[in-house]
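Okay, so here's the structure we're looking at.
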Ligand SMILES: C[S@@+](CC[C@H](N)C(=O)[O-])C[C@H]1O[C@@H](n2cnc3c(N)ncnc32)[C@H](O)[C@@H]1O
């Protein structure tokens with residue numbers, strides 16, 4: 006299958022990264038290499054591009070594409086989770102980078118690969134792992150987690166008001182038969198949500214599928230871990246460019262940028278600073294950037310995208 010994924014807010018990302026020919030850039034979510042291709046085009050022989058993805062299919066698709074775009078620059082591709090950014094750079098003996106890009110979530114390609122189990126529109130094994138080597142998938146989650154844990158993730162990560170009923174129906178049906186396909190799960194979700202509520206809004210399984218995917222891939226946890234680590238790995242003036250796709254991710258990025266851009270957090274009435282916090286980042290986008298009308302017409306999947314940028318001081 007051709008790797009189909011239209012890079013989101015491509016021009017904006019490239020502009021914000023302020024790419025230098027001899028700079029070192031890290032794309033933590035390589036996907037189809039859409040953004041990375043534009044980075045690669047701008048690098049000279051001393052430039053370095055490190056592309057990371059936890060999905061082997063993405064790695065395979067992006068590798069040849071990037072090497073054919075620029076055979077002079079140093080292009081390094083790693084199959085790992087971006088939470089391991091420090092280890093990746095240590096292994097490459099690189100102390101700091103001039104820019105990091107993250108375009109979070111799943112790629113269109115992963116959604117279109119029906120057998121991966123990300124989509125409620127394809128009947129397939131209930132998988133949802135971005136990393137095919139991981140030993141935890143959506144099937145394990147729905148068949149082994151407690152009703153309360155399932156309720157919590159559907160409510161928190163899916164912002165689904167029927168979370169408790171969906172979890173109850175999941176637990177009831179797995180007592181009769183193991184839940185092993187996306188099709189089974191869609192039917193369970195439909196039976197849990199009252200007909201009147203199902204008639205409005207998006208597909209009834211959309212929120213639950215999003216929640217399970219976030220939990221299976223520990224998406225919020227790894228993002229927090231990356232944000233705790235990445236600033237120290239940026240060189241002065243280096244930029245962090247992050248596209249998120251739902252409010253929970255965006256909130257994590259916004260909070261981390263705010264925390265790292267403020268200095269002292271001592272109460273105002275303290276005569277002198279005792280916390281010793283120094284600002285590390287300067288926020289470049291006070292408000293998140295969203296895709297233009299034109300981009301949304303061409304690519305409806307960009308609808309919920311938000312771009313935030315910060316610069317290392
Ligand atoms: C939205 S796509 C990126 C598309 C890419 N920017 C492009 O233009 O082609 C997200 C990609 O990031 C990968 N990904 C998501 N979270 C990851 C993580 N924590 N570590 C490594 N890769 C991750 C997914 O496997 C997927 O291929």
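In the working numbering, the protein residues as written are 6 to 318.
Glycine included, every Cβ here is placed at the ideal spot set by N, Cα and C.
Distance from residue 60 to residue 135 at the Cβ level is roughly 5 Å; contact confirmed, criterion being Cβ atoms closer than 8 Å. When secondary structure is reduced to three states using DSSP, residue 248 falls in the strand class.
One thing to note: residue 80 has its Cβ no nearer than 8 Å to the Cβ of residue 97.
With a cutoff of 7 Å, residue 261 does not count as near ligand 1, since its C-beta is closer than that to no heavy atom of the ligand.
Going by beta carbons, residue 13 and residue 296 fall inside the 8 Å limit. Secondary structure of residue 318 (DSSP, three-state): coil.
Per the coordinates, the alpha-carbon of residue 216 lies some 10 Å from the alpha-carbon of residue 210. Relative to ligand 1, the nearest heavy atom lies less than 7 Å away from the CB of residue 108. If you look at residue 285, you'll find it isn't in any beta strand (DSSP E); DSSP assigns it neither H nor E.
Of all alpha-carbon atoms in 248, 49 and 292, the one lying nearest the alpha-carbon of residue 40 is that of 248.
Beta-bridge pairing by DSSP links residue 186 to 130.
Our two residues, residue 116 and residue 123, have alpha carbons roughly 6 Å apart in a direct line.
Contact annotation: residue 22 and residue 110 have beta-carbon atoms that are not nearer than 8 Å. The bridge partners DSSP lists for residue 147 come to none. Counting the other CB atoms within 10 Å of its CB gives residue 20 a total below 16, which places it among the exposed residues. The beta carbon of residue 307 lies closer than 7 Å to those of 13, 296, 300 and 301 in the same chain, with the five residues before and after it left out. When distances are taken from the beta-carbon of residue 87 to the heavy atoms of ligand 1, the shortest one is below 7 Å. A Cβ-Cβ separation of about 7 Å places residue 56 in contact with residue 71 under the 8 Å criterion.
Membership of residue 40 in the alpha helix (DSSP H) is indicated by the continuous run 39-46. Relative to ligand 1, the beta carbon of residue 296 is positioned no closer than 7 Å to any heavy atom. In the structure shown, the three-state DSSP call for residue 71 is helix.
Under DSSP, residue 83 forms a beta bridge with 57. Per DSSP, the unbroken beta strand (DSSP E) holding residue 29 starts and ends at 29-32.
A distance below 6 Å between beta-carbons, with the five flanking residues on each side excluded, links residue 38 to the following residues of its chain, in chain order: 67, 70 and 71.
Nearest to residue 125 by C-alpha distance, out of 187, 42, 16 and 173, is 187.
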